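Read left to right, the sequence shown gives residues 1 to 478 (UniProt numbering). Just so you know, even glycine gets a beta-carbon here, dropped at the ideal spot from N, CA and C. Every value quoted in this text rests on a predicted model; they were computed, and no experiment measured them. Here's the structure we're looking at; comments come further down.
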Amino acid sequence: MPMRPGQRSDAAATILLIDRDPAAARAMAANLSGCLLSEPVIEEARNGRTGADRLRGRDFDIVLMDLSSLDDLAPSTEEAVARLAKIAEGALLIALSGGASVSAAVAAMRAGAHDFLAKPLSGSGFAARIGELAHRHGKARALTIDARPGIKEDFAGFVGASTQMQYVYEQIGRIAPSSAPVFITGESGTGKEVCAEALHSQGPRAGKRFVAVNCAAIPRDLMESELFGAARGAYTGSVEDRKGAAELADGGTLFLDEIGEMDLSLQSKLLRFLQTGALSRVGEADTRQVDVRVICATNRNPMQMITEKRFREDLFYRLHVLPIHLPPLRQRPADILVLAQHFLARFAQEEHKQFAGFSPETADGLIAREWPGNVRQLQNLVRRLVVMFDGGEITAEMVAAADIESRSFAPPPVAEAPAPRRTTVLPMWQQEQRIIEDAILSFNGNIALAAAALELSPSTIYRKRQAWAEMAGRKGVA
């Protein structure tokens, strides 16, 4: 798409890009072609002052502003955004940042931005998000946005239209048709089981059974029979043959949640099952062939578990064929209010109550929170609000009354400072390994992206991983 100034026509949108990086501006302009029916008229500004001058001279439909490029316009980012919002009244104002911090998002939106997007921006997801925002803020006609922008606000049980979730939806769409194992990572409450169910429902096995096993909830001595079944008389009280989860899921999907909690001895049997597709019930010598797609999930760092000898490395690489990482809620602040409104409508209908949404102050407070329990914590809070109150607009006082997690986990007052405790200090190489492997996991195994985030070269990461493997090998021989 050519980057050129020009006169606005009735069929073309006018867009101002404020970004000191010309390459980033060109990439954004190219991506926008995915949701605009006609070629837009685009102007660029390399800093906040130039952007403000351009806004005073003409009307724009969209203003995309990189927050780090506004430091010449005002002492604070929030003040700079507020100045641009005042000048660009009527435009769709979108803040961009490579930091993706919650505080930056809240400050920008409080100052007048319509939304906040984190860099780097995916091509189709970015264009679709602009289209969705234009429709939401009543600017579809002026922008001639395609009526099919491709944005997904909800997808197979998920709710959220952020660029992070658009990427997850795209991954699920690509991975679902395959029969290869999937390894889902993410903090508790991010929707790992929802992701597994989406992979099942969107794939060719959707007509068969989806069987979920929580490896952390089943006692160790019962886990094998739960997974592979048991023959009559295999243990006390076993009066008939019983199928296990793997056999029940034949033709469908077997989901192993919290796979890191599985006992090492059973991990070896699971590895053999994955290699052969054959299983033996407890107390039975015969083998049975089954056809299942295995999806597993964990909220822990698998590389750390391998280092600590709690997870078999060969099993990890057998399972870690198609990885999906679910971002925590704090990294996708644009979805917080969308999720809260979704839960409010759902639970209000269940309880036969009428609510008028969230007050602006309450909405800001929800977006600013860290949400350590992620979507599940937000869902629980909204459910309590609906149960505790009769209706109307949700206020900050109502949220404070229903927010039992914050009160439950508040540390009790103490008269004296606690005595210092000794803590386990890992060797420097192990801490370094944990940091690097966490970064690789965050970028779904992409070492180049992880290296860029850590400000290292990819060759350094490869060299360090080889050294760690050699070190682990020497310890194994010893």
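Please classify residue i: does DSSP put it in a helix, a strand, or coil?
i	result
Q202	coil
I94	strand
G48	helix
N380	helix
T185	strand
L256	strand
E470	helix
M398	helix
L248	helix
R288	strand
M65	strand
D53	helix
L441	helix
E39	coil
A230	strand
E79	helix
I461	helix
T14	strand
G157	coil
R209	coil
I175	helix
L385	helix
L279	strand
D115	strand
Residue i: buried (16+ other C-beta within 10 angstroms of its C-beta) or exposed?
i	result
I404	exposed
A469	exposed
H352	exposed
D335	buried
V321	exposed
G207	exposed
D59	exposed
S69	buried
G90	exposed
Y169	buried
A13	buried
E370	exposed
A453	exposed
D390	exposed
L426	exposed
Smallest Cα separation from residue i: which of the options?
i	options	result
Q289	K309, K243, F311 and R434	K243
R376	E193, Q275, M165 and L117	E193
I367	L337, R463, F389 and A217	L337
residue 480	H200, M398, A206 and R281	Beyond the ends of the chain as shown, which are 1 and 478, falls residue 480; an answer cannot be given.
R384	A340, T460, D61 and D257	A340
F343	L381, L326 and R174	L381
I246	G157, M165, A45 and C296	Position check: residue 246 holds Ala in this sequence, whereas Ile was assumed. Cα-wise, what sits closest to A246 is C296.
T460	Q433, S442 and L270	Q433
residue 479	A24, A230, I324 and G186	With the chain covering 1 to 478 only, the question about residue 479 has no answer from this structure.
R46	R20, G283, L67 and L64	R20
S162	A402, P333 and M428	P333
L227	F273, C195 and V182	F273
L266	F255, F311 and A231	F311
A363	P372, L378 and A451	L378
R95	R26, G391, A113 and A345	For clarity, residue 95 is Ala in the given sequence; the question names Arg instead. For the residues R26, G391, A113 and A345, the minimum Cα distance to A95 belongs to A113.
I184	D115, P204, A156 and F255	F255
P75	G48, F210 and A88	G48
R209	A345, E197 and L93	E197
Checklist entry - In chain order, which alpha helix (DSSP H) runs of at least 4 residues are fully inside the region 297-375? => result 302-307, 313-319, 336-351 and 360-368
Checklist entry - Should the region 244-255 be called in touch with the region 292-310, which here means at least 3 C-beta pairs below 8 Å? => result yes
Checklist entry - Three or more C-beta pairs closer than 8 Å, one from the region 296-304 and one from the region 432-447: is that the case here? => result yes
Item to check | Three or more C-beta pairs below 8 Å linking the region 310-325 and the region 353-367 | outcome: no
Next on the checklist: With a threshold of 8 Å, are at least 3 pairs of Cβ atoms found where one atom belongs to the region 256-273 and the other to the region 213-223?
Outcome noted: yes
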